[in-house]
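Q: So that we are looking at the same thing, I have put the structure below in structure tokens.
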Amino acid sequence: MTNTSSSTTRLPNLIDGEDLLRLVATAARALSEMTLPGDPVYPRVVQQALNHVSLACVLRGDPGPVSVPDLMSWAARKPLREWLFDIPDDAVDSDGTLVDSETMMPTQQCLEWVVSATDVVAEQIENKWLFEAMRACELAESPLAYTAFRRTLIEKPVMTGRQQRALLDNDDLDPTREILTQCYLPASAALSVKGAFATCRRCGCLLVPLNSGRYRCELDRCRRHPVEVGHLLDGSRDGGVLQLLRPLRMFITGPGLAEVDLERSLRAPGRDLSPQMWPEYDTYDLRFVVGAIVWAIDVKDHANPALLGRNAKPFRRRPAYDRAALVVPYYRFQDREDYKRVFIRNLNPSAGQITLLSDRELLAVVDRQLASVTASMTGERRA
Numbered sequence: 001m002t003n004t005s006s007s008t009t010r011l012p013n014l015i016d017g018e019d020l021l022r023l024v025a026t027a028a029r030a031l032s033e034m035t036l037p038g039d040p041v042y043p044r045v046v047q048q049a050l051n052h053v054s055l056a057c058v059l060r061g062d063p064g065p066v067s068v069p070d071l072m073s074w075a076a077r078k079p080l081r082e083w084l085f086d087i088p089d090d091a092v093d094s095d096g097t098l099v100d101s102e103t104m105m106p107t108q109q110c111l112e113w114v115v116s117a118t119d120v121v122a123e124q125i126e127n128k129w130l131f132e133a134m135r136a137c138e139l140a141e142s143p144l145a146y147t148a149f150r151r152t153l154i155e156k157p158v159m160t161g162r163q164q165r166a167l168l169d170n171d172d173l174d175p176t177r178e179i180l181t182q183c184y185l186p187a188s189a190a191l192s193v194k195g196a197f198a199t200c201r202r203c204g205c206l207l208v209p210l211n212s213g214r215y216r217c218e219l220d221r222c223r224r225h226p227v228e229v230g231h232l233l234d235g236s237r238d239g240g241v242l243q244l245l246r247p248l249r250m251f252i253t254g255p256g257l258a259e260v261d262l263e264r265s266l267r268a269p270g271r272d273l274s275p276q277m278w279p280e281y282d283t284y285d286l287r288f289v290v291g292a293i294v295w296a297i298d299v300k301d302h303a304n305p306a307l308l309g310r311n312a313k314p315f316r317r318r319p320a321y322d323r324a325a326l327v328v329p330y331y332r333f334q335d336r337e338d339y340k341r342v343f344i345r346n347l348n349p350s351a352g353q354i355t356l357l358s359d360r361e362l363l364a365v366v367d368r369q370l371a372s373v374t375a376s377m378t379g380e381r382r383a
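With the first letter of the sequence shown counted as 1, position 296 gets the number 296 in full-length UniProt numbering; the numbers rise by one all the way through.
Laid out in structure tokens, this is it:
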């Protein structure tokens, strides 16, 4: 259980419950982004997180972390359901942690808690570069340039300096050239083994080398399968290795792969649909027509259904559509059989009625609609 009894001693200034969870998540992200020692050594939020977790543990008679490294180890080994703080059961994944025990990096759920702090923070982390790209493409009156930019973030999370120079020569990306260069940084040497960087065959992101000689992918969708190395890149050649910024990898590349997977499924023989990707500069993710029915789809690959529900927003009405759905990859429902129920219980009232489907459920609905259209056309020909 994650809830504590009402008799637990509380201090007026003690951060507890979900606020404490967000504080620890923010500290974990801050530590993961450190490249050089600061002054003080750790960011202030890290020391705050340690102080509040230690005090909360003491008040509950639980031995807590005593140092910053101990705090990160504690967050890696202790599932959120075992945190003895005032956190609603719906709000946490039963087996999830804030820090990955093998890479000691923030998990996707950790980053979701950080961006859930306020809408402003979420927009800054997830959408800063997208908004800049949208403005640039709108000024150039080139929706195709925005689509090309978005696909680049999804399909090329890693590239060499030479590949980036060649990519920037693509006329389709002309309005977003400067923005694209800001989205990539040189890959950390900590991700290399003897100067070589390994990419994940499934997502294209850099794999994290482990002390055991194995690798681990940072995306949840890939961790369900055995690791497969895609390419080995020599960090000393071809202008070095560049990597997409981590917030973009987690919140653009990750769900973006689910978006293009769905696009591919809709285009497959037997369906032969022509989905429009990110219509009108990303009003939503996919728009397609089945018979006379226009669908609007937003794809989210969120680990935490409670946070997804709380942060949900109503679909915008243009471009017009007949049916709309929020679509989540099927594996999320496998990981949490209560995913849909938790989402519904936590749905933001201002979002209105939102239909949540797995990608498999959506494709099943589409197949039934296509069958109905075919049957109707066959009946008309016979008549």
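Quick reminder that beta carbons are idealized off the backbone N, C-alpha and C, glycines included.
#1: For Pro305 and Arg150, I'd like the C-alpha separation in whole angstroms.
#2: Is Cys57 helix, strand or coil when you go by DSSP?
#3: Pro186: buried (16+ other C-beta within 10 angstroms of its C-beta) or exposed?
#4: Ignore the nearest five residues each way along the sequence and tell me which others in Gln163's own chain have a CB closer than 6 Å to its CB.
#5: Counting along the chain, where does the beta strand (DSSP E) carrying Thr160 start and finish?
#6: Using C-beta distances below 6 Å, list every residue in its chain close to Thr26, excluding the 5 sequence neighbours before and after it, in chain order.
#7: Using a Cβ distance threshold of 8 Å, determine whether the region 225 to 234 contacts the region 316 to 330, with at least three qualifying pairs required.
#8: Using 8 Å as the threshold, is the region 173 to 191 in touch with the region 279 to 292, meaning 3 or more CB pairs across them?
#9: In angstroms, rounded to a whole number, what distance separates the CA positions of Leu273 and Asp367?
#10: By Cβ distance, which residues of its chain are closer than 7 Å to Arg323, with the 5 residues on each side in sequence left out?
#11: What number of angstroms, rounded off, separates the C-alpha of Lys340 from the C-alpha of Asn346?
#12: May I have the straight-line CA-CA distance separating Ala49 from Leu20, to the nearest angstrom?
#13: Buried or exposed: which applies to Val99, given that a residue is buried once 16 or more other Cβ atoms fall within 10 Å of its Cβ?
#14: If you run the structure through DSSP and keep just helix, strand and coil, what is Val193?
#15: Determine whether the beta carbon atoms of Asp95 and Pro106 lie at a separation below 7 Å.
#16: Tell me whether Glu123 sits in a helix, a strand or coil according to DSSP, three-state version.
#17: Which partner residues does Trp295 have in the DSSP bridge list?
#18: Pop quiz: Ser188 and Gly235 are said to be a contact at Cβ under 8 Å. What is the actual Cβ separation, rounded to whole angstroms?
#19: What is the rounded straight-line gap between the Cα of Pro247 and the Cα of Val241?
#20: Measuring only the C-alpha atoms, how far is Ser32 from Gln182?
A: From the atom records:
#1: The residue given as residue 305 occupies position 305 in the sequence shown. The residue given as residue 150 occupies position 150 in the sequence shown. Going by the C-alpha atoms only, they are around 25 Å apart.
#2: Counting from one through the sequence shown, the residue named residue 57 turns up at place 57. Here Cys57 sits in helix by DSSP.
#3: Walking along the sequence shown from the start, residue 186 turns up at place 186. Per the 10 Å Cβ criterion, exposed.
#4: As a working note, residue 163 is residue 163 in the sequence shown. The answer is none, since no qualifying residue turns up.
#5: On the sequence shown, residue 160 is found 160 positions in, with the first residue counted as 1. Residues 158 to 160.
#6: Walking along the sequence shown from the start, residue 26 turns up at place 26. Correct list, in chain order: Val45, Val114.
#7: no
#8: Contact between the region 173 to 191 and the region 279 to 292 is absent, because fewer than three Cβ pairs lie under 8 Å.
#9: By 1-based counting over the sequence shown, the position of residue 273 is 273. By 1-based counting over the sequence shown, the position of residue 367 is 367. Their backbone Cα atoms lie some 11 Å apart in a straight line.
#10: Residue mapping note: residue 323 aligns to position 323 of the sequence shown, counting from 1. Answer for Arg323: Ile293, Trp295, listed in chain order.
#11: Within the sequence shown, numbered from 1, the residue matching residue 340 stands at position 340. Within the sequence shown, numbered from 1, the residue matching residue 346 stands at position 346. Lys340 and Asn346 have their alpha carbons spaced roughly 10 Å apart.
#12: Stepping through the sequence shown from its first residue, residue 49 is reached at position 49. Stepping through the sequence shown from its first residue, residue 20 is reached at position 20. Each residue's Cα considered, the two are about 7 Å apart.
#13: One-based indexing of the sequence shown puts residue 99 at position 99. Under this definition Val99 is a buried residue.
#14: In the sequence shown, the residue the question calls residue 193 occupies position 193. In the structure shown, Val193 sits in a strand (DSSP, three-state: E or B).
#15: Translated into positions along the sequence shown, residue 95 becomes position 95. Translated into positions along the sequence shown, residue 106 becomes position 106. No, they are not a contact pair.
#16: Translated into positions along the sequence shown, residue 123 becomes position 123. Any reading at Glu123 must be qualified, since the residue scores a pLDDT of 46, below 50, and its modelled position is unreliable; the value itself is stated next. Three-state DSSP puts Glu123 in a helix.
#17: For the purposes of this step, residue 295 is taken as the residue at position 295 of the sequence shown. Looking at the DSSP assignment, Trp295 forms a beta bridge with Phe288, Arg323.
#18: Position 188 of the sequence shown, counting from 1, holds the residue named residue 188. Position 235 of the sequence shown, counting from 1, holds the residue named residue 235. Not quite, the Cβ-Cβ distance comes to about 10 Å (not below 8 Å), so this is no contact.
#19: Residue mapping note: residue 247 aligns to position 247 of the sequence shown, counting from 1. Residue mapping note: residue 241 aligns to position 241 of the sequence shown, counting from 1. Each residue's Cα considered, the two are about 18 Å apart.
#20: Indexing the sequence shown from 1 puts residue 32 at position 32. Indexing the sequence shown from 1 puts residue 182 at position 182. Between Ser32 and Gln182, the C-alpha separation is close to 19 Å.
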